[in-house]
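Scroll down for the structure; my scribbles are underneath it.
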Amino acid sequence: MVVRSDWTLRALLTHLFLRARRVARTRLEKLRLSLVYGGNKYQCSVCGSSARGFVSLRRIARGTLVRPVVVLGETIGPENYEFLNIENFACPTCGAPDKARLMAEFMQAEGLGRLQESGLPLLHFDPEQGMADYLADSPGMYLPTSWPEQRFENSFDITDLSALEEKIGGFICSHILEHVEEDSAAVAQLYKALVPGGFGIVLVPIIRSLQRNWEVEGQLSEGDRWRFFGQGDHVRIYSRTGLRNLLLSAGFTVRELGLEHFGREIFDRLALTDTSTLYVVEKPE
Ligand SMILES: [Zn+2]
1471 MVVRSDWTLR
1481 ALLTHLFLRA
1491 RRVARTRLEK
1501 LRLSLVYGGN
1511 KYQCSVCGSS
1521 ARGFVSLRRI
1531 ARGTLVRPVV
1541 VLGETIGPEN
1551 YEFLNIENFA
1561 CPTCGAPDKA
1571 RLMAEFMQAE
1581 GLGRLQESGL
1591 PLLHFDPEQG
1601 MADYLADSPG
1611 MYLPTSWPEQ
1621 RFENSFDITD
1631 LSALEEKIGG
1641 FICSHILEHV
1651 EEDSAAVAQL
1661 YKALVPGGFG
1671 IVLVPIIRSL
1681 QRNWEVEGQL
1691 SEGDRWRFFG
1701 QGDHVRIYSR
1711 TGLRNLLLSA
1721 GFTVRELGLE
1731 HFGREIFDRL
1741 ALTDTSTLYV
1751 VEKPE
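Taking my numbering, the leading residue of the sequence shown gets 1471, the next gets one more, and so forth.
What follows is the structure, given as structure tokens:
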């Protein structure tokens, strides 16, 4: 009995100690974040919080994602991506990257209203940090999905969306297609799943100086992929016309929404680079 109460007391004390440490660490982390990032210069459209700066991509994943790629023997630095703010990358509060901040802005201005009208679900492939919470209450229904790792109840393979034919009011497909060998088959599936009049957001890594998509024939090692494409599981980097033609050939109409569409005030508030562009597709009625 004595032994048992000793054990219970020790377990209780350990529990209280761990909880106190967890609370202290959370408070410390909050304090650290507010000291480093607190301010009003920028605002995150995903979680609504303000900051004097966002988290640099150099501080994320030990900087492995900030690297040059070799295209046709030429070394091209990461600052040449169309949509990437390396220094002001992720929201310190919700983690939303620059792309998610512009997507949320678009959804607020247009996307959510269109879903409301159609009453159909929004299909979202591998939601970016913060976005699943932001979109959880979207009109119609929110369908986050991931593949091959099935993190969500409804998980779909982008190369087979036959179960969703014309059942989707909108989709978000950001940084997925560069992982897919047969990207035209995936885009054809997106087209099939979308209801006529529906919309989608498509983003991929684009280097603006490329005249066409950058792919390399033959068997590539993971190391080769890091060197050529900037990530170990990517199969290409897109050119602007390469992405546009891919989307047009599936039957979509394509809008390229950038600084001119959103305006300087929004771009500055969200800390976006001037070339950042959302590719918004539509399936004609
Ligand atoms: Zn945020």
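Glycine included, C-beta positions come from ideal geometry on N, C-alpha and C. Bear in mind that the values here come from a model prediction, so they are computed numbers and not experimental data.
Rounded to the nearest whole angstrom, the C-alpha separation of R1734 and L1742 is 10 Å. Non-local C-beta neighbours of C1643 in its own chain, meaning closer than 6 Å and more than five positions away in sequence, comprise F1595, V1672, ordered along the chain. The beta strand (DSSP E) runs lying completely inside the segment 1687 to 1751 and spanning 3 residues or more are 1723 to 1727, given in chain order. Residues of the same chain with a CB within less than 7 Å of the CB of Y1551, apart from the 5 flanking positions on each side, are P1675, I1676, I1677 in chain order. In summary, N1683 is buried, with 16 or more beta-carbon neighbours lying within 10 Å of its beta-carbon over all protein chains present. Looking at the backbone, the Cα of A1531 and that of D1603 are separated by about 23 Å.
With a beta-carbon spacing of about 6 Å, L1716 and D1653 fall inside the 8 Å limit used to define contacts. In this structure, S1519 has its beta carbon less than 7 Å from a heavy atom of ligand 1. When the Cα atoms are used, L1718 and V1724 turn out to be separated by approximately 7 Å.
C1643 has its CB no nearer than 7 Å to any heavy atom of ligand 1.
Bridge partners of Q1599 according to DSSP: none are assigned.
Put simply, of E1752, T1615, L1605 the residue whose alpha carbon is nearest the alpha carbon of L1664 is E1752. In terms of Cα proximity to T1563, the closest of E1544, E1580, L1503 is L1503. Under the 8 Å Cβ criterion, the segment 1556 to 1576 counts as touching the segment 1515 to 1522, having at least three qualifying pairs. Judged by DSSP secondary structure, G1583 falls within the alpha helix (DSSP H) whose first and last residues are 1582 to 1588.
Going by DSSP, E1575 is part of the alpha helix (DSSP H) stretching over 1568 to 1576. Look at V1506: its beta carbon is at least 7 Å from all of the heavy atoms in ligand 1.
Under DSSP, Y1661 takes part in no beta bridge, so it has no partner. Just so you know, the alpha carbons of F1699 and S1526 end up roughly 21 Å apart. Within the same chain, and ignoring the five residues on either side of V1650 in sequence, the residues whose Cβ sits closer than 6 Å to its Cβ are A1656. At a cut-off of 7 Å, the beta-carbon of V1516 counts as near ligand 1: some heavy atom of the ligand is closer than that. A direct Cα-to-Cα measurement between L1483 and R1492 gives close to 14 Å.
In this structure, the straight-line span from the alpha carbon of A1481 to that of A1490 is close to 14 Å.
Shown here for P1666: same chain residues with a beta carbon closer than 8 Å to its own, the five before and five after excluded, namely E1636, K1753, P1754, E1755 in chain order.
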